[in-house]
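Here the numbering used here runs 203 ahead of the position in the sequence shown, where the first position is 1. All C-beta atoms, glycine included, are put in the ideal place defined by N, C-alpha and C. Structure, as structure tokens:
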Amino acid sequence: DNYTLNSEKIIVVSNGFNPEVFRLNEDSSNPPSSNNYFIFFAGSFHKDTGIDDLVEAILILAERLGGQKTCILAGDGPLRRVLQQRVLDSECKWDIKFPGRILQQELNSLLNQSAVGVVPFNTLGLTETGSAAVKVFEYLATGTPVVATRHSDHEFIEVNALGLLCNPDDPDDMANCLINFAGGEFG
């Protein structure tokens, strides 16, 4: 009411995921329960995304669990090479892949093959930019449970048994949450 705008010139652009892209895989040759990948992340490799905490949590889990797991950390940014080197220096036996940026259709396929998707925002990210709720919904649309950092926008995850919440800036707590998905099943 305060603005003199022509309503015919107004368009609404939603801030959400594309359900045509992010969905449960209907290809029976690769069912979601096959869990070819343990942990999946897609996003920016910046200091506010908590990706460094996720890498540390993976290294903690690899030491605790041993064996062989494959983790996909997709995306790019200034921390990517640093984190790749951290993994190499750790002599971790798990296969931690850094494929760079990938298309949404490929993200959907990888999520459908993953035991858990992670949204690891740290306190800096939650304070400066807020949560990544769209990413949570993309992961959930594929039937993939989520581990996310504790934030009011993420409370519905635990309330509805869609995954678990961990404390921001705490790789040990994140590892404790992720271990619940190590067997490929949750709940």
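Put simply, the backbone Cα of residue 343 is about 7 angstroms away from that of residue 349.
Closest option to residue 267, judged by alpha-carbon separation, among 297, 341, 345 and 346: 297. Judged by DSSP in its simplified three-state form, residue 386 adopts coil rather than helix or strand.
According to the DSSP assignment, residue 285 belongs to no beta strand (DSSP E) but to the alpha helix (DSSP H) extending over 283-293. In the structure shown, residue 334 falls within a coil segment according to DSSP collapsed to helix, strand and coil.
Of all alpha-carbon atoms in 211, 208, 225 and 278, the one lying nearest the alpha-carbon of residue 308 is that of 225. Non-local beta-carbon contacts of residue 249 in its own chain, meaning distances under 6 angstroms to residues more than five positions away in sequence, involve 280 in chain order. For a cut-off of 8 angstroms, the C-beta gap from residue 318 to residue 244 is around 13 angstroms, too long to register as a contact.
Fewer than three Cβ pairs drawn from the region 281-297 and the region 315-333 lie within less than 8 angstroms of each other, which leaves the two stretches out of contact.
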